[in-house]
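J.:
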Amino acid sequence: FNLSQRFDMLVLETLFSMLHKHPGQRFSVNLLPATLMQKNSAGQIIALFQRYSVSPELITIEVTEEQAFSNADTSRQNLEALRAFGCAIAIDDFGTGYANYERLKHLQADIIKIDGCFV
């Protein structure tokens with residue numbers, strides 16, 4: 001049914017509609033893993049940015065460490081496309097098992113959110 005991606009797109013469309021009416025606000029958005037694993041998710045998200053004239057610099061896309069460092073090429077390609085478009089990428093729950101320094105350098109995340117178990 002592809003409900004995860006449809007849910008994320010509905011959330012993003014609602015957010016972008018609000019930002020279009022109230023420009024300048026910054027937001028972080030967590031995407032579900034299934035959304036990033038769909039081909040052209042980044043293209044659909046970029047189309048929403050363009051439809052609502054929202055600057056990508058205002059949005060941080062948050063993904064869990066597991067999502068960011070899984071071996072799913074499609075997820076990585078979607079994240080790279082969103083970053084190239086101008087969104088910041090944040091790795092959430094960093095330190096829970098998947099990451100190492102080399103993988104972190106390759107992804108080029110803008111923000112690292114350390115998992116609470118380290119605090």
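Each residue of the sequence shown is one higher than the one before, counting from 1 in UniProt numbering.
Virtual Cβ for every residue (Gly too), placed ideally from N, Cα, C.
With distances taken between CB atoms, is the gap from Gln67 to Pro33 smaller than 9 Å?
T.: Closer than 9 Å, so yes.
J.: Check whether the Cβ atoms of Ser28 and Glu62 lie closer than 9 Å to each other.
T.: Yes, Cβ-Cβ distance for Ser28 and Glu62 is below 9 Å.
J.: Can you find the residues in the same chain that come closer than 7 Å, C-beta to C-beta, to Val54, ignoring five residues on each side of it along the sequence?
T.: Only Phe16, Leu19, His20 meet the Cβ criterion.
J.: Contact check, Ala90 vs Ala109 under 8 Å by CB: the rounded distance?
T.: About 7 Å separates the two Cβ atoms, so the contact holds.
J.: Please state if the CB of Gly86 and the CB of Ile114 are separated by a distance shorter than 9 Å.
T.: It is not a contact, given that the beta carbons lie outside the stated cut-off.
J.: Less than 8 Å separating the Cβ of Asp93 from some heavy atom of the ligand ZN?
T.: The model depicted lacks the ligand ZN and carries no ligand whatsoever.
J.: Given Ala42, which residues of its chain have a CB within under 6 Å of its CB, disregarding the five upstream and five downstream residues?
T.: So the qualifying residues of the chain are Asn78, Ala81, Leu82.
J.: Can you find the residues in the same chain that come closer than 7 Å, C-beta to C-beta, to Ser75, ignoring five residues on each side of it along the sequence?
T.: Counting only Cβ-Cβ distances below 7 Å, and skipping sequence neighbours, we find Leu36, Met37, Gln67.
J.: Taking just the CA atoms, how far does Asn2 sit from Ile58?
T.: First, the residue type needs correcting, since residue 58 is Leu and not Ile in the sequence shown. Looking at the two C-alpha atoms, the distance is approximately 27 Å.
J.: Kindly list the residues whose CB is nearer than 6 Å to the CB of Thr60, restricted to its own chain and excluding five residues on each side of it in sequence; keep chain order.
T.: Once the five neighbours on either side are set aside, the close Cβ partners of Thr60 are Ser28, Ala88, Ala90.
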